[in-house]
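Colleague: One structure coming up, written as structure tokens, with questions to follow.
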Ligand SMILES: Cc1cc2nc3c(=O)[nH]c(=O)nc-3n(C[C@H](O)[C@H](O)[C@H](O)COP(=O)(O)OP(=O)(O)OC[C@H]3O[C@@H](n4cnc5c(N)ncnc54)[C@H](O)[C@@H]3O)c2cc1C
Ligand SMILES: Cc1cc2nc3c(=O)[nH]c(=O)nc-3n(C[C@H](O)[C@H](O)[C@H](O)COP(=O)(O)OP(=O)(O)OC[C@H]3O[C@@H](n4cnc5c(N)ncnc54)[C@H](O)[C@@H]3O)c2cc1C
Ligand code: SF4
Ligand code: SF4
Ligand code: FES
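Protein chains in written order, with the numbering used here: chain A, 4 to 501; chain B, 58 to 344.
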């Protein structure tokens with residue numbers, strides 16, 4: 004269940020009956036499969052690389068209704084829609100895509116929202132190539148998949164542009180209080196689901212704004228904060244209360260909250276604690292964790308300094324260490340803050356980079372310099388304690404390791420110096436120990452992740468559930484949301500059984 | 058949401074603010090701090106919780122005006138709101154009965170020292186206090202500290218009050234007097250803590266210092282606050298802010314505190330342009 008790749012009977016049944024509806028049959032007849040297959044994938048309109056690196060506005064401009072309908076026509080409405088298996092929240096993809104083909108955009112959003120409360124976010128940040136699109140029949144045939152992410156984004160944006168987003172009526176009030184810890188995608192999803200079931204839901208968030216990584220980590224040029232705020236407003240309309248500036252474990256513990264009448268808990272506190280490399284010179288000024296760098300820029304709006312009070316140095320030669328989404332976000336941010344050389348230092352090769360394909364492509368277009376098979380060894384500072392150079396070593400790839408990726412091995416004697424004035428370490432994060440330390444009896448796994456039963460997301464403490472990065476140790480937005488959903492169901496079962 | 062009960066000067070450029078923050082007031086222990094944001098464009102800055110009143114739901118902060126954020130705080134009027142405040146953060150002080158505890162506070166460091174010394178006193182320790190300030194008009198909390206100290210001595214750089222000299226002279230004086238010191242708590246400018254720790258190390262006296270690196274989130278998420286302790290990287294906001302004074306790399310902390318000097322200057326200059334009437338107060342006669 005960690006990454007559900009099978010299709011439950013119930014879901015199969017739903018897909019099948021919708022597939023058999025009259026309008027679907029008619030629509031399938033309108034174009035032959037061959038004709039659909041002959042259509043080219045509709046490209047996403049983008050702002051020009053040289054323009055976009057001057058600011059923080061969004062790179063992708065989004066489809067027009069015509070583009071969306073053209074792309075939707077490519078979908079063959081497969082009898083066995085493997086795309087759905089690739090989506091961690093099992094969105095009924097063919098139904099929503101076919102509604103787009105019909106021009107029923109609001110109908111399409113409704114279908115998506117059956118299982119995904121944040122479509123404008125997911126359409127933008129899901130690694131579609133590994134998930135829905137990676138499992139599309141087209142991909143299996145060696146062709147370019149239906150642009151499911153672009154379509155999802157389109158209908159969500161369309162709905163928002165219409166003005167009032169429809170809020171479902173909540174029929175029964177359960178009069179039971181549930182506490183959600185952390186306002187990242189896992190917590191927000193669990194909160195939304197539980198609110199719709201009629202529970203009184205309160206989210207406690209440590210920072211001064213909700214959203215988790217979506218707020219403090221992923222930059223404006225990939226996910227405009229105004230969109231995120233709209234999606235969060237939707238939850239508030241569902242009746243979810245969000246209390247910011249509240250660190251569970253510090254401001255109050257889970258036990259304290261129990262005394263205040265909360266009967267069930269969902270921990271979605273993420274994996275926010277940064278790893279450093281443990282290399283000499285890491286304490287120098289000008290060496291940042293990606294978390295600090297991105298938090299200053301995104302959450303604290305340092306890119307608008309001195310309009311906003313939080314500063315961020317604008318390096319000319321910026322080295323970002325790592326190859327994931329975080330590294331791409333940091334290096335592209337540095338470019339936008341005026342770096343002449345914005346560099347990725349990655350110890351494996353391009354093929355092993357874990358970042359989303361689209362981010363790598365955008366980074367390449369924007370003139371990011373990639374130093375593959377390279378690893379830092381130490382950082383060297385000037386007389387003011389500011390980093391000025393980095394010693395690196397070249398690497399070669401050996402046998403695959405436990406993760407299946409080929410293990411990088413340093414090449415002896417290949418050390419060289421690189422001039423830098425800013426270093427951003429983006430080599431991953433681990434769970435923050437604050438909650439485990441203050442919640443006696445919570446069972447943990449190897450790196451401090453909370454141990455759960457993957458069916459229910461229940462922890463070792465009855466009534467306490469967890470999901471997202473705090474149990475997975477750094478995964479994706481949609482997996483976190485999927486966990487939130489499953490946990491909400493289990494919380495409902497737990498509280499109803501009481 | 059976070060109502061300011063009062064905000065008033067207690068020494069030159071040092072102010073005492075009482076804020077309504079019921080959750081924090083309930084939970085805080087000596088050694089804890091908060092992170093606050095003065096206004097919507099503001100920075101997140103850490104300040105120690107000097108005292109609290111759980112019944113009233115209030116906490117007390119004492120801060121020195123040194124840059125944009127603290128000058129912004131200084132402008133707040135009684136009844137105004139603070140944009141944000143979160144806490145209590147950091148590990149509380151380890152308090153036990155050590156015997157004789159020497160509490161050393163320099164400048165505005167006396168503010169965070171006060172709750173710790175008070176906690177130590179309540180745990181049955183004998184408290185000998187050394188307070189240091191550049192000058193008489195910069196000395197804070199003397200009466201409060203005196204009330205919980207068995208012995209209190211003041212040292213000023215310019216000799217305008219108490220004895221003339223640094224707190225390290227005060228500590229040397231106690232050692233010379235043959236006082237048996239079981240534990241030292243020293244809080245003040247980094248350079249002061251460095252020299253206090255140097256002296257206590259020579260005399261093998263266990264010493265705790267409270268570090269004040271630049272912070273952002275205050276919950277262990279960013280690493281801005283990292284300090285070198287015993288050669289290892291520690292996050293002051295979650296592993297500290299108090300550490301074994303003999304293990305801290307003070308020189309690195311001093312360098313890290315300078316990281317944003319140029320930005321701080323630009324920011325303060327801009328702030329002063331908005332409040333021309335404060336220019337003299339900010340840039341003139343600080344002493
Ligand atoms: C820079 C960056 C880029 C990324 N890009 C992508 C991408 O393109 N696509 C993708 O799918 N994934 C991406 N990811 C990964 C994805 O963001 C995470 O997997 C996802 O956000 C995890 O969600 P979550 O809800 O578990 O936790 P988080 O998003 O980390 O949210 C946790 C929240 O809990 C709060 N919190 C923590 N402790 C406490 C406490 N004690 N009390 C109260 N609140 C607390 C935190 O402040 C935070 O707001 C990226 C990650 C980063 C860092
Ligand atoms: C755990 C902790 C507790 C603290 N408690 C108190 C307190 O009770 N009272 C109090 O007055 N201050 C306290 N500080 C220091 C306080 O946070 C800073 O003075 C404040 O952030 C300065 O912000 P600013 O924008 O006004 O000045 P800035 O413009 O940021 O800085 C102006 C000047 O102050 C120096 N400075 C900046 N940050 C710090 C810092 N963290 N520590 C020391 N000097 C700094 C700069 O080097 C610069 O010279 C504490 C710091 C920490 C980490
Ligand atoms: S939520 Fe993500 S994986 Fe699922 S369909 Fe949408 S983009 Fe694809
Ligand atoms: S697998 Fe691809 S073509 Fe088939 S239904 Fe899904 S999106 Fe359409
Ligand atoms: S202030 Fe961010 S980790 Fe300590």
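All C-beta atoms in this analysis are idealised placements derived from N, C-alpha and C, irrespective of residue type, glycine included.
1) Cutting at 7 Å between CB atoms, please list the residues of its own chain near residue 328 of chain B, excluding the five before and the five after it.
2) Residues of chain B with a CB under 9 Å from the CB of residue 213 of chain A: which are they?
3) Please state the DSSP three-state secondary structure of residue 289 of chain A.
4) Just curious, the beta strand (DSSP E) that residue 146 of chain B is in, first and last residue?
5) Under a three-way DSSP split, which group does residue 357 of chain A fall into?
6) Look at the alpha carbon of residue 88 of chain A and the alpha carbon of residue 96 of chain A, and state the distance between them as a whole number of angstroms.
7) Using a Cβ-Cβ distance under 9 Å, would residue 472 of chain A count as near chain B?
8) Give the secondary structure of residue 164 of chain B by DSSP, where H, G and I count as helix, E and B as strand, and everything else as coil.
9) Counting Cβ pairs, one atom from each stretch, are 3 or more of them under 8 Å apart for the region 410–428 of chain A and the region 248–258 of chain A?
10) Counting beta carbon pairs with one atom in the region 256–274 of chain B and one in the region 210–222 of chain B, are three or more of them shorter than 8 Å?
11) Can you tell which of A:269, A:91 and A:116 has its C-alpha closest to the C-alpha of residue 438 of chain A?
12) Under the rule that 16 or more other beta-carbon atoms within 10 Å means buried, what is residue 22 of chain A, buried or exposed?
13) For chain B, check one thing: does any of its Cβ atoms lie closer than 9 Å to the Cβ of residue 209 of chain A?
14) If you reduce the DSSP assignment to three classes, tell me which class residue 189 of chain B lands in.
15) Can we count residue 278 of chain B as close to ligand 1, meaning its CB is less than 8 Å from some heavy atom?
16) Spell out whether any CB of chain A is found under 9 Å from the CB atom of residue 226 of chain B.
17) With 16 other CB atoms within 10 Å as the buried threshold, where does residue 144 of chain A fall?
18) Restricting to Cα atoms, I'd like to know which of B:115, B:59, B:121 and B:276 is closest to residue 190 of chain B.
19) Which residues share a DSSP beta bridge with residue 63 of chain A?
20) Tell me which same chain residues have a C-beta within less than 7 Å of the C-beta of residue 328 of chain A, skipping the five on either side of it?
21) Between the region 126–143 of chain A and the region 155–170 of chain A, do at least 3 Cβ pairs fall closer than 8 Å?
22) Buried or exposed for residue 82 of chain A, please, with buried defined as at least 16 other CB atoms from any protein chain shown within 10 angstroms of its CB.
23) Ligand 3 and residue 269 of chain B: does any heavy atom of the ligand fall closer than 8 Å to the residue's C-beta?
24) Comparing the CB of residue 274 of chain B with every heavy atom of ligand 5, is any distance shorter than 8 Å?
25) So residue 313 of chain A is in the alpha helix (DSSP H); what residue range does that whole segment cover?
26) Of all the CB atoms in chain B, is at least one closer than 9 Å to the CB of residue 265 of chain A?
27) Grab the span of the alpha helix (DSSP H) containing residue 487 of chain A for me, first residue to last.
28) Taking only heavy atoms of ligand 5 into account, decide whether any of them is closer than 8 Å to the Cβ of residue 135 of chain A.
29) Could you check whether the region 416–426 of chain A touches the region 391–401 of chain A, counting it as contact only if at least three pairs of C-beta atoms, one from each stretch, sit closer than 8 Å?
30) Could you give the DSSP three-state label for residue 278 of chain A: helix, strand or coil?
31) Give me the Cα-Cα distance between residue 75 of chain A and residue 150 of chain A, rounded to the nearest whole angstrom.
32) Smallest Cα separation from residue 428 of chain A: which of A:94, A:477, A:334 and A:243?
33) With distances taken from CA atoms, which of A:147, A:53 and A:310 is nearest residue 79 of chain A?
34) Excluding sequence positions up to five away, which residues of its chain have a Cβ less than 6 Å from the Cβ of residue 339 of chain B?
35) In three-state terms, what does DSSP make of residue 139 of chain A?
36) With residue 202 of chain B as the anchor, note down where its alpha helix (DSSP H) starts and where it stops.
Modeller: The relevant details are as follows:
1) Closer than 7 Å at the Cβ level, and outside the excluded window around residue 328 of chain B, lie 125 and 128.
2) Going along chain B, no residue has its Cβ under 9 Å from residue 213 of chain A, so there is no contact; the nearest lies around 13 Å.
3) For residue 289 of chain A, the secondary structure class from DSSP, reduced to helix, strand or coil, is coil.
4) Here the beta strand (DSSP E) through residue 146 of chain B covers 141–146.
5) Under the three-state reduction of DSSP output, residue 357 of chain A falls in the coil class, being neither helix nor strand.
6) Cα to Cα, residue 88 of chain A sits roughly 10 Å from residue 96 of chain A.
7) By this cut-off, residue 472 of chain A is not an interface position.
8) Residue 164 of chain B sits in a helix when the DSSP states are folded into three classes.
9) Judged by Cβ distances under 8 Å, the region 410–428 of chain A makes no contact with the region 248–258 of chain A, as fewer than three pairs qualify.
10) Verdict: no, contact absent.
11) Considering only A:269, A:91 and A:116, the residue with the shortest C-alpha distance to residue 438 of chain A is A:269.
12) Classification of residue 22 of chain A: buried, given that the 10 Å Cβ count is 16 or more.
13) At least one chain B Cβ lies under 9 Å of residue 209 of chain A.
14) In this structure, residue 189 of chain B counts as strand in the three-state DSSP scheme.
15) In terms of side-chain proximity, the C-beta atom of residue 278 of chain B is found nearer than 8 Å to a non-hydrogen atom of ligand 1.
16) Interface annotation, residue 226 of chain B: not in contact with chain A, CB-CB separation never under 9 Å.
17) Exposed, since its Cβ has fewer than 16 Cβ neighbours within 10 Å.
18) For residue 190 of chain B, the nearest C-alpha among the options comes from B:121.
19) Bridge partners of residue 63 of chain A: A:49.
20) Contacts found: 358, 359 and 362.
21) Yes: the two stretches touch, three or more of their Cβ pairs being nearer than 8 Å.
22) The Cβ neighbour count for residue 82 of chain A, taken over all protein chains shown within 10 Å, is under 16; the residue is labelled exposed.
23) False, no ligand heavy atom lies under 8 Å from that Cβ.
24) True, at least one ligand heavy atom lies under 8 Å from that Cβ.
25) Bounds of any alpha helix (DSSP H) do not take in residue 313 of chain A, whose DSSP letter is neither H nor E.
26) Not one chain B Cβ lies under 9 Å of residue 265 of chain A.
27) For residue 487 of chain A, the uninterrupted alpha helix (DSSP H) run begins and ends at 480–500, by DSSP.
28) No, since every heavy atom of ligand 5 falls outside the 8 Å radius drawn around the Cβ of residue 135 of chain A.
29) Short answer: they touch.
30) It is coil, neither helix nor strand.
31) Roughly 8 Å between the two C-alpha positions.
32) Nearest of A:94, A:477, A:334 and A:243 to residue 428 of chain A, Cα basis: A:334.
33) Nearest C-alpha to residue 79 of chain A: A:147.
34) Hits under 6 Å: 329.
35) In this structure, residue 139 of chain A counts as coil in the three-state DSSP scheme.
36) Here the alpha helix (DSSP H) through residue 202 of chain B covers 199–205.
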